[in-house]
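Residue numbers (our numbering): 42 to 488. Notes follow once the structure below has been shown.
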RNA sequence: GUGGGUAUAGCUUAGUUGGUUAAAGCGCCAGUUUGUGGCAUUGGAGACCGUCGGUUCGAAUCCGACUAUCCACCCCA
């Protein structure tokens, strides 16, 4: 296939027949975030490369080998954001949001870019819903963001997600832990895999994450971070758990969780699924008390998470989670001849202004193909408009589901179509035994 | 970056031990019905069989390289 008709490796198109699903997910996360008092922040897709080097951490894989970095025409090194937190912190500092009352609770829905080899649940362009809670150091903040993610899953009806939490402590207790880990792993120096040997000096915590059976076997008996937490960190972690219990959120403590971004401190967590392949982390996050100071601000605690929308969609597909049906065409006007088509345009404009979805012929086809098309797009009603209708002013409105035709004058139709549709929709719902219909829903939220 | 699988129409696939015009279903367009969709039926459009090279009288089929894609490692959402 020609280059220009191929999307870039690791990117995806969302086609019109699928887009209602992602729109539904987006509206769900927005609504949930707003209910928690978080407000949207939008930042540019690209930033100075240094921002991510500093924020995400020079030694991380993300920075070392996965960034889309290029030089712009002014000679600046620019990078497409590989994650959302660094840019959010930058904007927080740049606009002095710390002066607008703490905590500042923000969320974002953005694309992220990482140069990785694509596989199930891993793309080069992917989309994240993320939240950040700036200036909140109490354990209740950790629980709050976890709870927000949890509510998103509840809202969407996603289940079988395991919440795993851990505390990796503050820099002070981690220093002691690193030392202990190194001592432990050095006993097994001969057995560790090559990558883990390298990790031994740089960051022994990563060995805990190794998937090699030998290393993970050794890691199983390694000392856990939790044993090395200082009193403050220990108390913080215990308190987070109390909040989670109070909020009725199930979790397991997994001492093996080590996040790959350098900025995390204390609480880290993941929501993990076994149903979407090897990349099972749908949502990951935690506390990053050192990051704001690292970026040049006055020290402020913070926490947040990132949630992969593609992975969430994969999970919903795997679980056959129902999506609300997308809005269909209320009326298709089958027109014959130019005069009728012009009249159709006039009627369509009027009804569209009332919030109805109305379509008419733009191809120049005959009656039958137009009927077929109306059927294909799922039009609820059709109305045939030809010379005789224009002359007499009488029309037949056809309900495409039942096939019933109702005779009326064209003027009556234009005035009353909206209420006809509503009445039919109501009776449809009643026959299903559904109660408490919100009129605004039926009208597509236009009133 | 390292492995493994796959590559035939828009989609899902068939294609014999290599044999001449590459097949079907769905979808698309149109007719059967001079003004009424779904069902049925008939016809039509649509594929240099991923690309390049090799073996052969002859390659969708065998071999090689490349590319793309999927899955896994690594890492992460």
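In this text, a Cβ means the ideal position worked out from N, Cα and C, and glycines have one as well.
Boundaries of the alpha helix (DSSP H) in which residue i is found, first to last residue
i, result
"residue 307", "Residue 307 -> not in any alpha helix (DSSP H); beta strand (DSSP E) instead, spanning 306 to 313."
"residue 355", "350 to 359"
"residue 274", "272 to 287"
"residue 388", "379 to 394"
"residue 226", "212 to 227"
"residue 197", "180 to 197"
"residue 399", "It is not in any alpha helix (DSSP H) - residue 399 instead sits in the beta strand (DSSP E) that spans 399 to 401."
"residue 111", "Per DSSP, residue 111 belongs to no alpha helix (DSSP H); it is in the beta strand (DSSP E), 109 to 112."
"residue 135", "126 to 135"
"residue 408", "408 to 417"
"residue 333", "332 to 335"
Sequence-distant residues of its chain with Cβ nearer than 7 angstroms to residue i (five each side left out)
i, result
"residue 386", "401"
"residue 359", "316 and 317"
"residue 352", "162, 317, 320 and 323"
"residue 184", "281, 284, 285 and 288"
"residue 365", "65"
"residue 111", "119"
Pairwise C-alpha distance: residue j and residue i
i, j, result
"residue 272", "residue 293", "21 angstroms"
"residue 261", "residue 88", "40 angstroms"
"residue 151", "residue 106", "21 angstroms"
"residue 80", "residue 70", "11 angstroms"
"residue 426", "residue 376", "5 angstroms"
"residue 463", "residue 389", "18 angstroms"
"residue 480", "residue 203", "Interpretation of residue 480 is limited by its pLDDT of 47, a score under 50 that renders its predicted location unreliable; the figure taken from the coordinates is listed afterwards. The alpha-carbon atoms of residue 480 and residue 203 are separated by roughly 38 angstroms."
"residue 201", "residue 195", "11 angstroms"
"residue 408", "residue 197", "42 angstroms"
"residue 443", "residue 434", "24 angstroms"
"residue 83", "residue 230", "47 angstroms"
"residue 295", "residue 117", "42 angstroms"
"residue 395", "residue 164", "41 angstroms"
"residue 487", "residue 391", "Confidence at residue 487 is low in this model, with a pLDDT of 39, below 50, so its placement is unreliable and the value that follows should be read with caution. When rounded, the distance between both Cα atoms is 14 angstroms."
"residue 428", "residue 350", "51 angstroms"
"residue 265", "residue 103", "25 angstroms"
"residue 74", "residue 189", "7 angstroms"
"residue 450", "residue 438", "10 angstroms"
"residue 63", "residue 86", "20 angstroms"
"residue 380", "residue 420", "23 angstroms"
"residue 457", "residue 417", "25 angstroms"
"residue 57", "residue 398", "16 angstroms"
Check whether residue i and residue j have beta carbons under 9 angstroms apart
i, j, result
"residue 175", "residue 133", "yes"
"residue 277", "residue 307", "yes"
"residue 159", "residue 51", "yes"
"residue 149", "residue 172", "yes"
"residue 269", "residue 310", "no"
"residue 327", "residue 209", "yes"
"residue 191", "residue 100", "no"
"residue 314", "residue 354", "no"
"residue 169", "residue 348", "yes"
"residue 45", "residue 90", "no"
"residue 130", "residue 338", "yes"
"residue 298", "residue 206", "yes"
"residue 126", "residue 414", "no"
Contact set for residue i: own chain, Cβ-Cβ below 8 angstroms, skip 5 residues either direction
i, result
"residue 54", "48"
"residue 143", "175, 176, 177 and 341"
"residue 412", "375 and 423"
"residue 331", "212, 304, 306 and 340"
"residue 241", "223, 226, 227, 230, 233 and 248"
"residue 335", "95, 96 and 304"
Continuous beta strand (DSSP E) stretch holding residue i: start and end
i, result
"residue 436", "435 to 440"
"residue 147", "145 to 154"
"residue 95", "No beta strand (DSSP E) contains residue 95, which is instead part of the alpha helix (DSSP H) from 90 to 97."
"residue 172", "166 to 175"
"residue 207", "203 to 208"
"residue 425", "422 to 426"
"residue 325", "322 to 328"
"residue 502", "Absent from the structure is residue 502, since the part of the chain shown begins at 42 and ends at 488."
"residue 496", "The question about residue 496 has no answer here: the residues shown for the chain are numbered 42 through 488."
Spatial neighbours of residue i in its chain, beta-carbon cut-off 6 angstroms, leaving aside the 5 residues before and after
i, result
"residue 61", "367"
"residue 461", "none"
"residue 447", "438"
Would you call the stretch 362 to 374 and the stretch 341 to 353 touching, i.e. three or more CB-CB distances under 8 angstroms? Two segments are said to touch when three or more pairs of C-beta atoms, one from each, lie closer than 8 angstroms; by this definition the stretch 362 to 374 does not touch the stretch 341 to 353.
On the three-pair Cβ rule with 8 angstroms, is the stretch 272 to 292 touching the stretch 131 to 148? Using a Cβ-Cβ distance cut-off of 8 angstroms, the stretch 272 to 292 and the stretch 131 to 148 are not in contact, since fewer than three pairs of beta carbons, one from each stretch, lie closer than that value.
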